[in-house]
Amino acid sequence: MKETSVFERFLGQVPEYRQKKAMSFKFPKGKMQSLGVGLLLQMACRDAGFDGADNHIAYGENGKPYLADFTDVHFNLSHSGERVMCVISPFEVGCDVEMIKGDRGKLAERFFKPEESAWIKHFETLDAQSEAFYRLWTLKECYMKVTGRGLSLMPDMFALHMDENENVSLFHDGDRPEYSFREIDLHDGYRYAYCIKNECKNAPQEVRCMNLKSLL
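Residue numbers (our numbering): 12 to 227.
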């Protein structure tokens, strides 16, 4: 089935605001990704017992979306390539999925802390360095999104540290904010992660990561 046929078939299944957002993208890929995260949020809300919660979305001060009629339920969305990701939680959450595209050493030097770039470079192969870069990138995106500050919080304004057991520690403005990071490795050429406050780390979350083709 062609992308245009799939898009037209499923567009009417999401709320009007999502239809408009999906239609606002110029290229088919952007349209499909926007529709995909909308469908995924719809499914997640329904299966978690909040059917229809995605019909009314409001936006915080820095543009972070939330469920207008269910303010005690939080969600976050992400998409990259042919993957879409949704996390819903009783607490503030941020998530990110990124397609692993290759060497990004120059980007690391530009956007990461020096110690983070050094951590990436200590891996021997370019493939391993690329994997490490995208691991850090998804984790950083999660924190930027969970705070609600988005791009106003630049990646080089805070640091992430990996210990010998691959545990992640956060350092921001000389402090160690209480956030927990969780990673999902599906060995499919993508990196997935999400972030919640430490006090909420044992609270239930529902996470779904899907291939757009299987979703549509």
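Think of the CB as a built atom: it goes at the ideal place given N, C-alpha and C, for glycine as much as any other residue.
Rounded C-alpha distance that separates residue i from residue j
i: Met173; j: Arg187; result: 14 Å
i: Leu150; j: Gly71; result: 22 Å
i: Cys106; j: Lys42; result: 20 Å
i: Val179; j: Glu103; result: 19 Å
i: Asp93; j: Asn222; result: The amino acid at residue 93 is misidentified as Asp; the sequence shows Glu. Going by the C-alpha atoms only, they are around 6 Å apart.
i: Thr136; j: Ala143; result: 11 Å
i: Lys40; j: Glu177; result: 34 Å
i: Ala214; j: Ala59; result: 14 Å
i: Trp130; j: Ala119; result: 10 Å
i: Phe61; j: Tyr77; result: 13 Å
i: Asp184; j: Lys75; result: 22 Å
i: Lys31; j: Ile195; result: 31 Å
i: Pro125; j: Asp167; result: 9 Å
i: Tyr145; j: Phe36; result: 25 Å
Sheet register partners of residue i (DSSP bridge)
i: Pro76; result: Tyr70
i: Glu194; result: Ala204
i: Ser128; result: Answer is none; Ser128 lacks a bridge partner.
i: Glu217; result: Ile99
i: Met110; result: Tyr201
i: Leu164; result: According to DSSP, Leu164 bridges with nothing at all.
i: Phe182; result: Ala170
i: Ser89; result: Met96
i: Gly105; result: Cys206
Cβ neighbours of residue i in the same chain (closer than 7 Å, five flanking residues each side left out)
i: Val25; result: Leu46, Gly49, Leu50, Gln53
i: Ser91; result: Val108, Glu109, Met110, Tyr201
Own chain residues within Cβ distance below 8 Å of residue i, not counting five before or after
i: Ser141; result: Ile111, Lys112, Gly113, Asp114, Arg115
i: Tyr190; result: Tyr154, Val157, Leu181, Cys206, Ile207, Lys208, Asn209
i: Asp83; result: Pro101
i: Gly161; result: Asn73, Gly74, Lys75, Met155
Per-residue burial, residue i [other beta carbons within 10 Å of its own, 16 or more giving buried]
i: Asp65; result: buried
i: Phe192; result: buried
i: Phe2; result: Missing from the structure shown is residue 2; the chain here goes from 12 to 227 and no further.
i: Phe169; result: buried
i: Leu147; result: buried
i: Leu197; result: exposed
i: Met12; result: With a pLDDT of 38 at Met12, under the threshold of 50, the modelled position of that residue is not reliable, and no figure is offered here.
i: Ala204; result: buried
i: Phe38; result: exposed
i: Glu19; result: exposed
i: Ser128; result: buried
CB-CB length for residue i against residue j, believed under 8 Å
i: Arg202; j: Glu109; result: 5 Å
i: Ser163; j: Asn73; result: 6 Å
i: Ile99; j: Glu217; result: 5 Å
i: Ala55; j: Cys97; result: 5 Å
Close-in-space but distant-in-sequence residues of the same chain around residue i (CB under 6 Å, 5 per side omitted)
i: Arg29; result: Gly49
i: Ser16; result: none
i: Phe134; result: Gln140, Ala143
i: Pro101; result: Ala214
i: Glu7; result: Residue 7 cannot be examined here, being either before or after the span of the chain that is shown, 12 to 227.
i: Gln44; result: His90
i: Ala79; result: His67, Ala69
i: Gly23; result: none
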